[in-house]
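Data block below; observations after.
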Amino acid sequence: TWENPSHIDENTGFGGDNDPIDVCDIGSKVCERGEVIRVKVLGTLALIDEGETDWKIIVINVEDPDAAHFNDIEDVRRLKPNYLESTVDWFRTYKVPDGKPENQFAFDGEFKNKDFAIDVIKCTHAHWKALVTKNSNGGEINCKNTTVQDSPFVCKQEEAETIVNTAPPRGPASPIPADVDKWYYYQKN
Numbered sequence: 005t006w007e008n009p010s011h012i013d014e015n016t017g018f019g020g021d022n023d024p025i026d027v028c029d030i031g032s033k034v035c036e037r038g039e040v041i042r043v044k045v046l047g048t049l050a051l052i053d054e055g056e057t058d059w060k061i062i063v064i065n066v067e068d069p070d071a072a073h074f075n076d077i078e079d080v081r082r083l084k085p086n087y088l089e090s091t092v093d094w095f096r097t098y099k100v101p102d103g104k105p106e107n108q109f110a111f112d113g114e115f116k117n118k119d120f121a122i123d124v125i126k127c128t129h130a131h132w133k134a135l136v137t138k139n140s141n142g143g144e145i146n147c148k149n150t151t152v153q154d155s156p157f158v159c160k161q162e163e164a165e166t167i168v169n170t171a172p173p174r175g176p177a178s179p180i181p182a183d184v185d186k187w188y189y190y191q192k193n
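The sequence shown begins at 5 in the numbering used here and counts up by one.
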């Protein structure tokens, strides 16, 4: 998927943030970083981040112990009281400690249902497909890939392996700065 900054979203009135759509897993099963999982789409939230559309797709991992109980956004509202409201509060204020303004939302911060979310996914997938087939200008985005056969950016497996094999080896993790543990408090007006 790709949130195209040149496309003004008919629902939000803003262009995309030039990234893939974001997925928020509401389940309790903790995954490894970078792990690819199958999910059930439940709904979406339309964040407006510094004048750009930044969709948040709400999902649950199909392997989560509670996945059978969740099929749409109303199930989240019913089974996890105040979870959605707390999610909106967090997305509204998470940049404030960095001196940035509160984020805004389309639809007054209301979550949209599963069908709406699937339409968002289809639309942003179409934008991605246009990007990797050079039917849309992605600027500096590297569209090299091994899977989209009608893409002018497709490369052979050998070329991909060469790229991976010539990358510098992974070094030790960078130390985590101590200031990440600083707590911030926010006064609601």
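Even glycine gets a Cβ: it sits at the ideal position worked out from N, Cα and C.
Looking only at V43, E165, L51, I77, the smallest Cα-Cα distance to I64 is reached by V43. N139 is the residue among N139, D79, L46 whose C-alpha sits nearest the C-alpha of S155.
The distance from the Cβ of G47 to that of A121 is about 5 Å, consistent with a contact at the 8 Å cut-off. Of all alpha-carbon atoms in T170, P101, T151, G19, the one lying nearest the alpha-carbon of D183 is that of P101.
Bridge partners of F109 according to DSSP: L51. For D23, DSSP records no beta bridge to any residue. Within the region 95-173, the complete alpha helix (DSSP H) runs of at least 4 residues fall at 118-136, 161-170. CA-to-CA, the gap between R174 and V168 works out to about 12 Å.
In this structure, the straight-line span from the alpha carbon of T151 to that of P105 is close to 40 Å.
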